[in-house]
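Peer 1: For reference, the structure I am asking about is given below.
In the numbering used here, the protein residues as written are 2 to 640.
This is the structure we're talking about:
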């Protein structure tokens with residue numbers, strides 16, 4: 002179903018959608034310019050930029066209860082996150098800035114039955130003066146350490162339960178016991194919210210399944226050596242075949258068996274520090290990835306990148322004997338901290354993290370010229386902390402030389418963080434060249450555009466592995482903030498992600514070959530795609546492309562000779578149009594406008610032209626897709 006109404010969720014009628022319909026070029030410009038009519042029409046938006054209506058409502062409720070005069074608040078998923086936000090605010094605005102933190106907690110389940118649908122949920126509210134709120138919102142956007150709309154909805158329901166109980170007590174005036182009242186309210190609550198089908202007890206198992214899927218696809222070596230059976234759940238969770246089939250997937254078409262004893266489910270969901278995997282060393286397997294100790298889940302992809310950056314700042318602070326200063330570990334500004342490097346033109350918030358929380362060298366071309374610039378920096382004697390690189394990059398689909406970067410990192414002792422969101426675990430094999438691999442699970446891994454999450458994978462043969470494992474266990478390290486309902490949704494969505502990714506590869510190739518490539522040099526100035534961007538990109542990509550399932554992905558970008566023709570082309574695309582990528586449906590946006598509207602001249606020097614249209618191919622019929630694009634081309638070429 003195609004969304005055509007400005008502000009409608011994509012997919013339509015989806016309460017937790019992560020994209021929003023901006024069906025025309027003009028609507029996108031209006032959105033960026035803050036057009037009041039367009040802004041008021043938005044039912045949702047990309048979660049880190051658009052505060053979901055459930056989150057807004059929660060903030061309004063909490064503000065009414067707890068705020069002081071001229072204060073605004075935002076909710077964060079834990080006290081540690083809120084404290085990092087407070088430190089960021091103070092560094093950016095001045096140490097005297099007043100920041101209040103309030104920690105709240107929803108009720109624990111009272112019995113076994115309530116454990117199926119009730120969970121103790123801790124949330125931390127940060128209050129600041131009105132004028133400081135944009136700084137706090139910046140932390141929310143850049144760090145990605147956010148409260149999800151499902152979590153906010155759950156807390157709102159819990160608050161509503163309390164309010165309903167209070168009203169019932171007043172109405173009953175002693176005619177019924179409080180226990181009877183609570184039972185009645187809970188019954189109505191569960192029936193309305195979940196239809197009695199959701200099982201919170203299965204959330205830990207869902208996270209285990211997600212980590213396993215990532216661990217078995219993040220590096221191709223496992224499959225090529227026939228070692229995937231090491232990851233069967235019988236191998237490290239015991240014989241729980243009443244709950245999990247031999248392939249490690251939930252039984253009963255995804256409905257977890259609620260009759261399984263809670264203690265069985267709990268034991269299966271534990272992080273197995275003493276599991277069999279701990280006895281398998283990296284000498285046994287070339288690039289063995291332990292899903293319990295090497296794979297971490299986050300409430301967004303940016304949160305994984307932000308955590309990787311915090312890890313390196315912590316590492317550098319320890320080098321400088323600054324372990325007592327939390328602010329030094331959060332924001333490593335000033336000498337003698339090492340700089341990071343952003344290699345290639347990235348998605349906007351990755352560069353924002355490196356700039357807002359440290360100094361960075363931005364080598365935006367992402368090709369051999371950037372490699373020469375990096376070598377010049379290294380040859381000058383300057384020490385680099387880490388290189389961040391997208392593989393391939395968004396939106397120009399460039400691929401840096403990871404093999405050369407790895408050689409330099411070994412020679413000059415810096416670290417490599419690869420964001421392979423666009424690769425999607427299926428197409429490229431980057432772990433051998435990285436110390437850390439980050440990804441947004443919101444994209445092709447989920448596909449359904451209704452949940453936001455991210456992952457971080459440590460390379461067990463990486464130079465920083467032992468430090469990273471220790472860091473993740475510290476107070477400043479890792480905290481599981483992925484809300485249980487989001488995990489359950491993501492687990493269901495991701496069961497067929499490999500099959501979907503390979504189909505998208507094929508459909509994209511057909512669309513490019515049949516319809517778009519014949520127009521390059523005519524309507525299109527340039528088509529950006531890993532096999533087309535440049536010979537250098539194709540060579541670098543092919544060097545790390547997976548032999549089994551690997552392709553060139555579903556993301557490509559188009560630039561035009563004439564911006565008016567670009568607008569006509571985009572406006573006549575009969576597709577879903579809005580932010581995000583990697584969805585099961587084809588999604589397009591005027592990327593430079595929606596991501597860099599205030600800096601169009603600046604980004605043009607890196608090849609990101611203001612007329613650029615980015616397309617993420619979905620699972621639609623290939624003939625249908627070809628017809629849709631052919632129609633848009635014909636309309637654009639009309640006089």
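Heads up, the beta-carbon is just placed ideally off N, CA and C, and yes, glycines get one too.
When the Cα of residue 31 is compared with those of 486, 595, 564, which residue comes out closest?
Peer 2: Cα-wise, what sits closest to residue 31 is 595.
Peer 1: Quick one: give me the first and last residue of the beta strand (DSSP E) that residue 416 is part of.
Peer 2: Per DSSP, residue 416 belongs to the beta strand (DSSP E) from 416–420.
Peer 1: Provide the residue span of the alpha helix (DSSP H) that contains residue 106, from first to last.
Peer 2: Counting along the chain, residue 106 falls outside any alpha helix (DSSP H), though it belongs to the beta strand (DSSP E) covering 100–106.
Peer 1: Report yes if the CB atom of residue 641 is closer than 7 angstroms to the CB atom of residue 460, and no otherwise.
Peer 2: The structure shown does not extend to residue 641, since the chain is modelled only from 2 to 640, so the question has no answer here.
Peer 1: Are there 16 or more other CB atoms within 10 angstroms of the CB of residue 24, so buried, or fewer, so exposed?
Peer 2: Answer is buried; the Cβ neighbour count reaches 16.
Peer 1: Hey, how far is the Cα of residue 38 from the Cα of residue 8?
Peer 2: Looking at the two C-alpha atoms, the distance is approximately 10 angstroms.
Peer 1: Specify, as a first and last residue, the run of the beta strand (DSSP E) that residue 608 falls within.
Peer 2: Looking at the DSSP string, residue 608 is not in any beta strand (DSSP E), and its letter there is neither H nor E.
Peer 1: Cα separation between residue 529 and residue 557?
Peer 2: Computed Cα separation, rounded: 6 angstroms.
Peer 1: Put residue 633 into one of helix, strand or coil per three-state DSSP.
Peer 2: In the structure shown, residue 633 sits in a helix (DSSP, three-state: H, G or I).
Peer 1: Taking Cβ to Cβ, would you say residue 431 is nearer than 7 angstroms to residue 342?
Peer 2: No.
Peer 1: Using the beta-carbon count (16 or more within 10 Å), is residue 95 buried or exposed?
Peer 2: Classification for residue 95: exposed.
Peer 1: Helix, strand or coil, according to DSSP, for residue 394 in the structure here?
Peer 2: It is coil, neither helix nor strand.
Peer 1: DSSP beta-bridge partners for residue 578?
Peer 2: Looking at the DSSP assignment, residue 578 forms a beta bridge with 589.
Peer 1: Using the beta-carbon count (16 or more within 10 Å), is residue 471 buried or exposed?
Peer 2: So residue 471 counts as exposed.
Peer 1: Straight-line CA distance for residue 570 to residue 601?
Peer 2: Their backbone Cα atoms lie some 20 angstroms apart in a straight line.
Peer 1: May I ask you to report which of helix, strand or coil DSSP gives residue 479?
Peer 2: Residue 479 falls in the coil class under three-state DSSP.
Peer 1: Specify the secondary structure class of residue 549 as computed by DSSP and reduced to three states.
Peer 2: Coil, per DSSP.
Peer 1: Using a Cβ-Cβ cutoff of less than 6 angstroms, which residues in the same chain neighbour residue 153 once the five nearest sequence positions on both sides are dropped?
Peer 2: These residues qualify, in order along the chain: 55, 56, 59.
Peer 1: Would you tell me roughly how many angstroms separate the C-alpha atoms of residue 635 and residue 398, rounded to the nearest one?
Peer 2: Using only the alpha carbons, I get a separation of about 26 angstroms.
Peer 1: Assuming residue 347 contacts residue 592 under a Cβ cut-off of 8 angstroms, what Cβ separation, rounded to an integer in Å, is found between them?
Peer 2: The Cβ separation is near 13 angstroms, so there is no contact.
Peer 1: Cα-Cα, which of 480, 90, 44 is closest to residue 10?
Peer 2: Considering only alpha carbons, the answer is 44.
Peer 1: Check whether the Cβ atoms of residue 101 and residue 331 sit closer than 7 angstroms, and answer yes or no.
Peer 2: No; because the gap between Cβ atoms is not below 7 angstroms, this pair is not in contact.
Peer 1: So what's residue 399 in DSSP terms, helix, strand or just coil?
Peer 2: If DSSP states are grouped into helix, strand and coil, residue 399 belongs with coil.
Peer 1: Which residues in the same chain as residue 377 place their Cβ atom closer than 8 angstroms to its Cβ, once the five residues preceding and following it in sequence are excluded?
Peer 2: There are no such residues.
Peer 1: Would you tell me roughly how many angstroms separate the C-alpha atoms of residue 393 and residue 159, rounded to the nearest one?
Peer 2: Cα to Cα, the separation comes out at about 43 angstroms.
Peer 1: Short of 6 angstroms in beta carbon distance, which residues of its chain neighbour residue 445, apart from the five on each side in sequence? Order them along the chain.
Peer 2: If we look at residue 445 and ignore the five residues flanking it on each side, its Cβ neighbours are 425, 502, 583.
Peer 1: In this structure, how does DSSP classify residue 425 when only helix, strand and coil are distinguished?
Peer 2: Coil.
Peer 1: Which one of 107, 466, 453, 127 has the shortest CA to CA distance from residue 298?
Peer 2: That would be 453, whose Cα lies nearest to the Cα of residue 298.
Peer 1: So, residue 532 versus residue 526, is the Cβ gap smaller than 7 angstroms?
Peer 2: For residue 532 and residue 526, no; Cβs fall outside 7 angstroms.
Peer 1: I think residue 483 touches residue 208, with their Cβ atoms under 8 angstroms apart; what is that distance to the nearest whole Å?
Peer 2: Sure, about 7 angstroms apart at Cβ, within 8 angstroms.
Peer 1: Using DSSP bridges, identify the partner residues of residue 124.
Peer 2: The partner list for residue 124 (beta bridge, DSSP) reads 105.
Peer 1: Report the rounded CA-to-CA distance for residue 493 versus residue 486, giving the unit in angstroms.
Peer 2: The straight-line gap from Cα to Cα measures roughly 11 angstroms.
Peer 1: Please name the residue, chosen from 155, 220, 216, that lies closest to residue 201 on a Cα-to-Cα basis.
Peer 2: Checking every option, the nearest Cα to that of residue 201 belongs to 155.
Peer 1: With three or more beta-carbon pairs closer than 8 angstroms as the criterion, would you say the region 65–85 touches the region 135–148?
Peer 2: Yes: at least three Cβ pairs fall under 8 angstroms.
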